[in-house]
Amino acid sequence: MKKYFYAIPFALALCLSLLGCSNKPAKQETAAGRHPIETSKPAAAGFPETSPSLPPGQDIDTPQEDNPQNNAALIKPPKKAPQTTKITISAAGDCTFGSDQSSPASVNFYSVYNKKKNDAYFFQNVKKYFEKDDLTLVNLEGTLTKNGTRMDKTYAFRGDPSYVNILKKGSIEAVSFANNHCKDYGEISYTDTIHTLKKAGIKYASYEKTSIYRTKKKKIGMVAVNGLSGTDYSKKLINSGIKKLKKKKADLIIVSMHAGIEHTSSLNDTQTQLAHYAVQKGADLVLGHHPHTLQGIEKYKGAYIVYSLANFCFGGNTNPSDKDTMIFQQTFTFKGNKLQKNTSARIIPCRVSSTTAINNYQPTPLKGAGRRNIIQKMNSFSKPLGVHFQRDGKIQN
Ligand SMILES: [Zn+2]
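In the numbering used here, the protein residues as written are 7 to 403.
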């Protein structure tokens with residue numbers, strides 16, 4: 007009974023509350039039940055929380071760096087890989103278009119020139135190499151002029167200014183003109199030759215005068231010194247010349263040096279001093295001449311030094327006992343503006359004449375034993391300098 011006494015008012019209260027609730031439609035009831043959940047949504051994820059918390063005075067743009075969406079707009083398009091440019095330089099030795107007055111008139115340079123009547127004759131056997139490269143550089147050892155008085159010396163060379171076409175026909179774009187024969191007929195012979203080269207569009211480097219040859223959007227700078235007129239003086243010219251070329255933003259720097267002792271494979275101090283100095287100052291390649299015979303090649307601080315390129319198209323001797331010569335060829339690689347360390351170089355063994363009997367002033371690439379002999383010889387000269395040639399004439403890296 008005690009149980010029921012308490013149960014009656016509880017049942018009444020329950021009944022009353024059920025009656026009150028039954029006045030609301032069932033849908034509303036359900037909606038009313040979800041309401042607290044719906045209102046909590048905007049609070050959890052609706053407005054950006056950063057917005058109201060921006061410190062006063064802070065620009066809305068400032069937080070962009072932290073916003074990945076804004077970062078996407080700032081990312082630059084991927085950079086193009088730098089363009090690869092290859093520059094191949096060919097170099098050869100002494101070119102003397104003319105002969106000394108003491109030379110036999112029947113076989114000297116003038117007689118061959120007059121017989122052939124063809125500027126293309128002289129380099130016709132090597133042109134295939136020169137026309138495929140980007141720059142061919144030789145040493146012009148003699149003057150091209152009708153003027154002047156012969157200097158009092160054992161050998162003096164002067165050729166007709168029209169001989170400059172031999173260079174043009176041979177696909178030779180540049181010469182070094184700083185040697186013991188560039189003033190053989192006095193100062194006028196020097197200035198006349200320069201005038202002739204300029205008129206023909208042949209680039210030349212000569213003592214203080216540096217030169218830049220432009221190809222494939224690259225600037226190849228050239229310096230030429232005559233070591234015979236003093237080591238210190240030549241160093242000065244190398245230093246100022248390289249500085250000048252660097253200022254002009256040369257991509258490659260070639261230093262030509264006329265130095266050494268004639269008819270020997272041994273190097274003298276001037277040669278090594280000048281060559282090393284040039285590389286230290288920034289030369290990418292050093293080309294030597296004057297000894298009239300081949301000498302070794304050195305790799306010094308990454309740059310090749312070709313100590314002597316010997317004679318090439320050389321009117322100075324109608325029949326030299328040593329007719330061995332070569333073309334030195336090096337390919338430089340650029341990635342964009344940056345010169346790469348990897349480089350390839352080779353020698354192309356040649357004879358100064360197409361015949362062994364006499365000098366016909368027509369340098370000719372060699373085959374067979376003649377070719378092998380020169381590679382062997384260059385190996386013996388270059389071994390102490392750290393350079394080795396493969397059988398194909400390429401320098402082993
Ligand atoms: Zn010389």
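For every residue, glycine included, the Cβ atom is placed at its ideal position computed from N, Cα and C.
>> Rounded to the nearest angstrom, what separates G104 and S168 at their Cα positions?
In response: 12 Å
> Within 10 angstroms of its Cβ, does G233 collect 16 or more other Cβ (buried), or is it exposed?
Replying inline: buried
> When every heavy atom of ligand 1 is checked, does at least one fall within less than 7 Å of the C-beta of E137?
Replying inline: no
> Taking the continuous beta strand (DSSP E) assigned at E304, which residues delimit it?
Replying inline: 303 to 306
> Going by the beta-carbon positions, is the gap between V132 and I333 smaller than 8 Å?
Replying inline: yes
> Touching or not, the segment 194 to 205 and the segment 141 to 157, by the rule of three or more beta carbon pairs under 8 Å?
Replying inline: yes
>> If I follow the unbroken alpha helix (DSSP H) through G5, where does it start and stop?
In response: There is no way to answer for residue 5, as the model of the chain reaches only from 7 to 403.
>> Between N171, V144, G322, R397, which has its C-alpha nearest D190's C-alpha?
In response: G322
>> Measuring straight from C-alpha to C-alpha, what distance separates V312 and G294?
In response: 6 Å
> Near P371, what residues of its chain come up, given a Cβ to Cβ distance below 6 Å and the 5 sequence neighbours on each side ignored?
Replying inline: I354, C356
> For P390, which of helix, strand or coil comes out of DSSP?
Replying inline: helix
> Considering only the beta carbon of each residue, do K2 and E179 sit closer than 8 Å?
Replying inline: For the chain, the structure presents residues 7 to 403; residue 2 sits outside this window and is missing.
>> Measuring only from the beta carbon, is N185 closer than 7 Å to any heavy atom that is part of ligand 1?
In response: yes
> Leaving out the 5 sequence neighbours to the left and right, which residues in its chain are closer than 8 Å to P54 when beta-carbon positions are compared?
Replying inline: Its pLDDT being 39, under 50, P54 is placed unreliably by the model, and nothing is read from it.
>> So for G227, helix, strand or coil by DSSP?
In response: strand
> With a CB to CB cut of under 7 Å and the five nearest residues on each side skipped, what residues in its chain are close to A37?
Replying inline: Here A37 scores only 38 on pLDDT, less than 50, and its place in the model should not be relied on; the value that follows carries that caveat. Within the same chain, A37 has no close Cβ partners at all.
> Taking T339 as the reference, which of Y127, P84, D140, N385 has the closest Cα?
Replying inline: D140
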